[in-house]
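*Asks:* Residue numbers (my numbering): 40 to 236.
1) Inspect the beta-carbon positions of residue 161 and residue 146 and report whether they are closer than 7 angstroms.
2) Heavy atom of the ligand MG less than 6 angstroms from the Cβ of residue 218, yes or no?
3) Just mark residue 170 as buried or exposed, buried being the case when its beta carbon has 16 or more other beta carbons within 10 Å.
4) When you compare each of 228, 213, 44 and 233 to residue 66 by their alpha carbons, which one comes out closest?
5) For residue 203, which of 48, 189 and 58 has the nearest alpha-carbon?
6) Out of 125, 150 and 107, point me to the one whose CA is closest to residue 93's CA.
7) Are at least three pairs of beta-carbons, each pair with one atom in the region 96-109 and one in the region 136-145, less than 8 angstroms apart?
8) If you draw a straight line from the C-alpha of residue 143 to the C-alpha of residue 54, how long is it?
9) Assuming residue 186 contacts residue 200 (C-beta within less than 8 angstroms), just tell me the rounded distance between them.
10) The alpha helix (DSSP H) spanning residue 196 covers which residue range?
11) What whole-angstrom Cβ distance do residue 216 and residue 56 have, given they're in contact under 8 angstroms?
12) If contacts are defined as beta-carbon pairs under 8 angstroms, then residue 182 and residue 221 qualify, I think. What distance do you get, rounded to the angstrom?
13) Please identify the residue among 113, 87, 112 and 114 whose C-alpha is closest to the C-alpha of residue 101.
14) Could you tell me the alpha carbon to alpha carbon distance between residue 46 and residue 98, rounded to whole angstroms?
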């Protein structure tokens with residue numbers, strides 16, 4: 040009986056992970072077509088990444104972040120970044136997605152016993168912070184020539200150029216959307232799971 044229950048929980052997690060993977064793929068692809076002020080694409084992919092990392096664990100979060108990264112290469116934005124550096128783009132995109140999902144899951148696990156709601160909210164904050172932080176680091180490492188040229192052309196500092204033109208409103212949008220939607224989605228999924236018991 041114990042093994043059957045364990046298998047059932049494992050199967051439910053796999054099904055949820057498959058559904059979230061499909062949602063991430065759709066959001067990652069179509070988000071590339073929606074622009075904020077022409078500067079950055081809107082990204083909602085981190086919402087299912089946070090949900091998956093909290094409900095299925097850090098490795099699931101890393102998987103979902105990797106799915107988002109892989110789908111990015113099918114979007115119009117990929118051509119710009121690949122034109123700057125193919126290896127730099129691949130490394131930056133794949134590492135930032137996987138790390139953001141994994142870190143969100145780890146933070147959730149660390150805080151879950153203290154307060155589940157706070158754990159989800161902090162995970163929802165950590166995910167875009169890690170994602171954007173690694174993107175900025177990758178930009179400095181792999182795309183510094185483009186960053187410097189852009190900063191000079193705009194008459195701003197390298198840091199200012201990165202924040203305004205590379206990150207823009209996308210980070211703010213991701214952060215607000217994650218904080219608002221992820222905890223609500225986890226609560227809804229909890230209710231559904233309780234009904235199915």
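Yeah, the Cβ is synthetic: ideal placement off N, Cα and C, and Gly gets one too.
Remember, it's a predicted structure, so these values are computed and weren't measured experimentally.
*Replies:* Inspection of the coordinates gives the following:
1) With respect to residue 146, residue 161 sits close: the two C-beta atoms are nearer than 7 angstroms.
2) Ligands in the displayed structure: none, and consequently the ligand MG is not present.
3) Buried is the call here.
4) Among 228, 213, 44 and 233, the Cα nearest to that of residue 66 is on 213.
5) Ranked by Cα distance from residue 203, the options 48, 189 and 58 are led by 189.
6) The shortest C-alpha separation from residue 93 is found at 150.
7) Output reads yes: the region 136-145 touches the region 96-109.
8) Rounded to the nearest angstrom, the two C-alpha atoms are 20 angstroms apart.
9) Separation of the CB atoms of residue 186 and residue 200 is rounded to 6 angstroms, and the pair is thereby assigned contact status at 8 angstroms.
10) Here residue 196 belongs to no alpha helix (DSSP H), and DSSP marks it neither H nor E.
11) Their Cβ separation, rounded to whole angstroms, is 21 angstroms, which puts residue 216 and residue 56 out of contact at 8 angstroms.
12) About 30 angstroms separates the beta carbon of residue 182 from that of residue 221, a gap too long to meet the 8 angstroms contact definition.
13) A check of alpha carbon separations from residue 101 across 113, 87, 112 and 114 identifies 87 as the nearest.
14) Distance between the alpha carbons of residue 46 and residue 98: 18 angstroms.
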